[in-house]
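Our numbering applies: residue -11 is where the sequence shown begins, and numbers increase by one. For every residue, glycine included, the Cβ atom is placed at its ideal position computed from N, Cα and C. Predicted model, so just to flag it, every value in this text is computed and none were measured. Scroll down for the structure; my scribbles are underneath it.
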Amino acid sequence: MKKVSIVCFMLFSAMAHADELTIEQTCEGWSNKAAKFMEVRQNNVPIYDALKMTVGNYSRGLMLRAYNQAVADEESKKQAVIDNFAEMIEDECLKGQSE
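This is the structure:
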């Protein structure tokens, strides 16, 4: 749990410098954050604890989207759920930036 909090903090710190990043780098950052949030979800962390890891409305919304997904019933499927969620968020980000 502490490890996840540290990773989330590092991601938030990196996102603070978003004005210096390319669109691709920014979207990759959101994808990484999405993967971490879905990992928290797949580990069955209670939502009230998970929301404490978020800063800002976008991050909170992303965490809530992760919690709208079901927890995989098998350990072997959890990584696929995490990867699919991260890819979906990156695709949405890139599409949103191009409009």
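Of all alpha-carbon atoms in T14, E62, A38 and D79, the one lying nearest the alpha-carbon of Y55 is that of A38. When the five nearest sequence neighbours on each side are left out, the beta carbons in the same chain lying within less than 6 Å of the beta carbon of C15 are those of E78, C81 and L82, in order along the chain.
Straight through space, the alpha carbons of Q30 and S64 are spaced by roughly 11 Å. For A68, the uninterrupted alpha helix (DSSP H) run begins and ends at E63 to S86, by DSSP. Note on I70: 16 or more other CB atoms within 10 angstroms of its CB, so buried under the neighbour-count rule. Ranked by Cα distance from A22, the first of Q57, S86, D61 and Q85 is Q57.
If you compare the alpha carbons of R48, E12 and T10 with that of K24, the shortest gap goes to R48.
In the displayed model, K21 falls within a helix according to three-state DSSP.
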